[in-house]
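Following: one structure in structure tokens, then a few remarks.
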Amino acid sequence: MGVRAIIFDLDDTLITDEAASMLAFEEVGVKASRFGIIKIGSFIRDCQNLAHKLWSSGPCHSYCDSVGISALECLWGRFTDEQEELRRLRNWAIPFRKAVFSVALQRQLPRIPPDVGLELSEEFSQARRKFQILMPDAKEVLACLYPRYCLGMLTNGAPSLQREKIAVSGLEPFFQAISISGEKGIGKPRAEIFFQLIEKLDTLPSKVIMVGNSEERDVAGARNAGIRSVWFHAFEAGERPRPYTGISALRELPALVREMDAHSR
928 MGVRAIIFDL DDTLITDEAA SMLAFEEVGV KASRFGIIKI GSFIRDCQNL AHKLWSSGPC
988 HSYCDSVGIS ALECLWGRFT DEQEELRRLR NWAIPFRKAV FSVALQRQLP RIPPDVGLEL
1048 SEEFSQARRK FQILMPDAKE VLACLYPRYC LGMLTNGAPS LQREKIAVSG LEPFFQAISI
1108 SGEKGIGKPR AEIFFQLIEK LDTLPSKVIM VGNSEERDVA GARNAGIRSV WFHAFEAGER
1168 PRPYTGISAL RELPALVREM DAHSR
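All you need for this note's numbering is the position in the sequence shown, starting with 1, plus 927.
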């Protein structure tokens, strides 16, 4: 059977996502203090909680959830895509962002200028783009695997935003095929999006390994598609036993793939 192809997730697997967002919040929190003395930690928590609350109750939530566009991505994605759902999201995101930052700041400073929310949201968007970095060893691991295996990327999200992340990362040349949920109208953990990418890689599910950080999207999706998975749990605290293979650092992956390849022949 062997291993012929490896499919990678993007966010928090090959590039940082949550950590980059936290750095952006911290920078905006410092900048928000120009309007008055605030507790930056409380401001950040309020921004995050408000973003999730408004996102989950908003008119675009069902679509965002189905293709994996997160509340925090709605704070900085440009969503220049032509799909009707993404045009609606683009229009909704502007007042959403303004509300998140203005309400969070008003909880500590009741009197703020009317355009502060929009101003802070633009500063967050700039900061979030600045802080996107690769996960440790990401490029080295891909360079190690690239000569021997077909590499694919399967990422949930809006096409324009995910393509922007991929371009900034510099990782695209390693991949034979890239699939983005927003381009397909379905996302992980749906088996269909895995099958579409596997077909592009010109192989069979039995010869594929999925590598990703999300148990709900990556591991479950691989199981739905009948392929093996490697769960990347770099940020998992208090690890508990799982009934599937896992790594805590990308540098562990090449040896694990070789072992899985040897055992499946």
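C-beta: ideal position from N, C-alpha, C; glycine also.
Legend entry - Start-to-end residues for the alpha helix (DSSP H) that takes in residue 1065: Per DSSP, residue 1065 belongs to the alpha helix (DSSP H) from 1065-1072.
Legend entry - residue 1158 versus residue 1088: straight-line alpha-carbon distance, rounded: 24 Å
Inset, instruction - Could you say if the stretch 1068-1085 and the stretch 933-944 meet the contact criterion of at least three C-beta pairs nearer than 8 Å? - result: Using a C-beta cut-off of 8 Å, the stretch 1068-1085 makes contact with the stretch 933-944, since at least three inter-stretch Cβ pairs fall below that distance.
Inset, instruction - Buried or exposed for residue 1024, please, with buried defined as at least 16 other CB atoms from any protein chain shown within 10 angstroms of its CB. - result: buried
Legend entry - residue 1017 versus 1050, 982, 964, residue with shortest Cα-Cα distance: 982
Inset, instruction - Please report how far the alpha carbon of residue 1132 lies from the alpha carbon of residue 1009, in whole angstroms. - result: 32 Å
Legend entry - Residues of its chain near residue 1019, where Cβ-Cβ distance is below 7 Å and the 5 sequence neighbours each way are ignored: Taken in chain order, the residues that qualify are 985, 986, 987.
Inset, instruction - Identify whether residue 1047 lies in helix, strand or coil by the three-state DSSP scheme. - result: The answer is helix: DSSP assigns residue 1047 an H, G or I state.
Inset, instruction - With residue 1180 as the anchor, note down where its beta strand (DSSP E) starts and where it stops. - result: Counting along the chain, residue 1180 falls outside any beta strand (DSSP E), though it belongs to the alpha helix (DSSP H) covering 1180-1190.
Inset, instruction - Measure the CB-CB distance between residue 1148 and residue 1100 and report whether it falls below 9 Å. - result: no
Legend entry - Length-filtered (4 minimum) alpha helix (DSSP H) runs lying within the stretch 1099-1184: 1108-1111, 1118-1127, 1147-1152
Inset, instruction - Have a look at residue 1143 and residue 1108 and give me their C-alpha separation to the nearest angstrom. - result: 15 Å
Inset, instruction - In the DSSP assignment, find the alpha helix (DSSP H) that holds residue 1031 and state where it starts and stops. - result: 1011-1033
Inset, instruction - Measure the alpha-carbon distance for residue 1076 versus residue 1033 and round it to whole angstroms. - result: 53 Å
Legend entry - DSSP beta-bridge partners of residue 1078: 933
Legend entry - Anticipated Cβ contact below 8 Å, residue 932 with residue 974, distance rounded: In fact, because the Cβ distance is near 40 Å, the residues do not count as touching under 8 Å.
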